[in-house]
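The listed protein sequences correspond, in order, to chains A and B. In terms of our numbering, the first sequence opens at residue 78 and continues consecutively. In terms of our numbering, the second sequence opens at residue 78 and continues consecutively. Have a look at the structure below before the remarks.
Protein chains: 2
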Amino acid sequence: MTKKEELLQAAQNKVREGGYNNFSFRELAKEVGIKSASVHYHFPTKADLGAELAKQYTNNFILALGDVKTLHNAGHNPIAVFITQFKHALHHDKKMCLCGLLGAEADILPQPVRTEIKRFFTKNLDWLEQAYLYREPTNKRQAKQSAIQTISLLEGAMMISIASQDNSVFDNAIAGLADH
Amino acid sequence: MTKKEELLQAAQNKVREGGYNNFSFRELAKEVGIKSASVHYHFPTKADLGAELAKQYTNNFILALGDVKTLHNAGHNPIAVFITQFKHALHHDKKMCLCGLLGAEADILPQPVRTEIKRFFTKNLDWLEQAYLYREPTNKRQAKQSAIQTISLLEGAMMISIASQDNSVFDNAIAGLADH
DNA sequence: ATTAAACTATCTACTGATAGGCAGTATTGG
DNA sequence: CCAATACTGCCTATCAGTAGATAGTTTAAT
Numbered sequence: 078m079t080k081k082e083e084l085l086q087a088a089q090n091k092v093r094e095g096g097y098n099n100f101s102f103r104e105l106a107k108e109v110g111i112k113s114a115s116v117h118y119h120f121p122t123k124a125d126l127g128a129e130l131a132k133q134y135t136n137n138f139i140l141a142l143g144d145v146k147t148l149h150n151a152g153h154n155p156i157a158v159f160i161t162q163f164k165h166a167l168h169h170d171k172k173m174c175l176c177g178l179l180g181a182e183a184d185i186l187p188q189p190v191r192t193e194i195k196r197f198f199t200k201n202l203d204w205l206e207q208a209y210l211y212r213e214p215t216n217k218r219q220a221k222q223s224a225i226q227t228i229s230l231l232e233g234a235m236m237i238s239i240a241s242q243d244n245s246v247f248d249n250a251i252a253g254l255a256d257h
Numbered sequence: 078m079t080k081k082e083e084l085l086q087a088a089q090n091k092v093r094e095g096g097y098n099n100f101s102f103r104e105l106a107k108e109v110g111i112k113s114a115s116v117h118y119h120f121p122t123k124a125d126l127g128a129e130l131a132k133q134y135t136n137n138f139i140l141a142l143g144d145v146k147t148l149h150n151a152g153h154n155p156i157a158v159f160i161t162q163f164k165h166a167l168h169h170d171k172k173m174c175l176c177g178l179l180g181a182e183a184d185i186l187p188q189p190v191r192t193e194i195k196r197f198f199t200k201n202l203d204w205l206e207q208a209y210l211y212r213e214p215t216n217k218r219q220a221k222q223s224a225i226q227t228i229s230l231l232e233g234a235m236m237i238s239i240a241s242q243d244n245s246v247f248d249n250a251i252a253g254l255a256d257h
């Protein structure tokens, strides 16, 4: 892993714990073993770092989900896959969704970061809409609404689980969500 | 309004925009027209201020909801009332739920603040559980689950609406939620 | 006279950012 | 083939601004 990648990884952990203001160049530098001035070599400004962080997070997230059609044809339920990925983020990383937390504080984010956060949600909503269209006789309007409701429930349940320090909240919230 | 109340109000706005790290004693002081040192007179430490902020927010929120039984007997649907209060917070204040945002960054909050955030959710879940028990033949287990799902959906939808800078996301998410 | 609510002044620590230097590696032109 | 050049990735040193917090003082109302 290059120093740049290490910096992004360290930043991701910090942001997922306490938001955009919860990391500093000095802190990241110390964690990966370089000086804070060198972080500016890789990312000219903090906004640049934040934007790239959100961008890569989104890309990795969508990539990990895979293709809706492929999943469906292989006999998997895309919606269950989507839910599982959120569940994994909470249970494995024990941290909030990066874009969920940043989304909540969108008002104070530099524009480039805010743009990437928006992209996370449009990408995920498009994916979910497609997933719902592979189900039952559904029109586009209904699929869109189901997509919004599903991702809202997941982000909200994640948030409350972390606030409550109790993952059973999340498990309870998603019970029976995938199977109609 | 006393200076102390003004300070709490100013802090609430700041926190609901960008989280716990988005306000400073100097900023608050400037906004209400006193010196930063004087803020320490009202709130010895930042954690004290944060905890009282969350406490009052929770109390006001529950107070504004009213009593479930009373609402039900007056012919109102408590669940619809609950949803309306969230909707109002988003549409009127144009800001995230204080405890939603703070809940997401619970890992970095001073314990006294975290405790108050937890209380917000237990209070609201209890209220909602009661509300669901006034509906149809439902057992306690089902009512608890419905409560978690409802508040998760609301918090999540709020978050995504702010991230997307588009309130129609929220309206779409809550469509048909109150009426079974 | 006591007390509440503000003040002045100051401390240490941390913030993002910049200027300029210095090795090591690639690239390129004669 | 080799010297000149440029690039990469880091460094030291430093800046102005802001953070939370404290000690001690003044003001005004009870």
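For glycine and all other residues, C-beta sits at the position ideal for the given N, C-alpha and C.
Spatial neighbours of I267/B within its chain, please: CB distance less than 6 Å, with the 5 preceding and 5 following residues excluded, ordered by chain position.
Since the displayed chain B opens at 78 and closes at 257, residue 267/B lies outside it and no answer follows.
Go ahead and label E82/B buried or exposed: buried means 16 or more other beta carbons lie within 10 angstroms of its beta carbon, across all protein chains shown.
exposed
Would you kindly check if the distance between the Cβ of A128/A and the Cβ of V190/A is under 9 Å?
yes
Hey, F197/B and A131/B: beta-carbon distance below 9 Å or not?
yes
Among residues of its own chain, excluding the 5 on either side of L231/B, which ones have a beta-carbon nearer than 6 Å to its beta-carbon?
F163
Establish whether the CB of T199/B and some CB of chain A are separated by less than 9 Å.
yes
Which residues, in chain order, does the region 177-191 of chain A contribute to contact with chain B at a C-beta distance below 7 Å?
Cβ contacts with chain B: G177, L178, G180, A181, E182, A183, D184, I185.
Within 8 Å, do at least three Cβ pairs link the region 144-158 of chain A to the region 107-121 of chain A?
No, the region 107-121 of chain A is not in contact with the region 144-158 of chain A.
Just mark Q226/B as buried or exposed, buried being the case when its beta carbon has 16 or more other beta carbons within 10 Å.
So Q226/B ends up on the buried side.
Check whether chain A comes within 9 Å of G96/B, counting only Cβ atoms and requiring the distance to be less than that.
yes
By DSSP, does E108/B sit in helix, in strand, or in coil?
helix
Output yes if chain B places a C-beta closer than 9 Å to the C-beta of K217/A; else output no.
no
Quick one: is M78/B near chain A, going by C-beta distance under 9 Å?
no
Which residues in the same chain have their Cβ closer than 7 Å to the Cβ of S223/A, if we skip the five residues on either side of it in sequence?
Y209
List, in order along the chain, the chain B residues whose C-beta lies closer than 7 Å to that of A252/A?
Q222
Counting only runs that start and end within the region 82-146 of chain A, where is the alpha helix (DSSP H) found for 4 or more residues in a row?
Assignment of alpha helix (DSSP H) within the region 82-146 of chain A, counting only whole runs of 4 or more residues, yields 102-109, 113-119, 123-142 in chain order.
What does the alpha-carbon distance come out to for the pair G233/B and C176/B?
Rounded to the nearest angstrom, the two C-alpha atoms are 12 Å apart.
Go ahead and label M78/A buried or exposed: buried means 16 or more other beta carbons lie within 10 angstroms of its beta carbon, across all protein chains shown.
exposed
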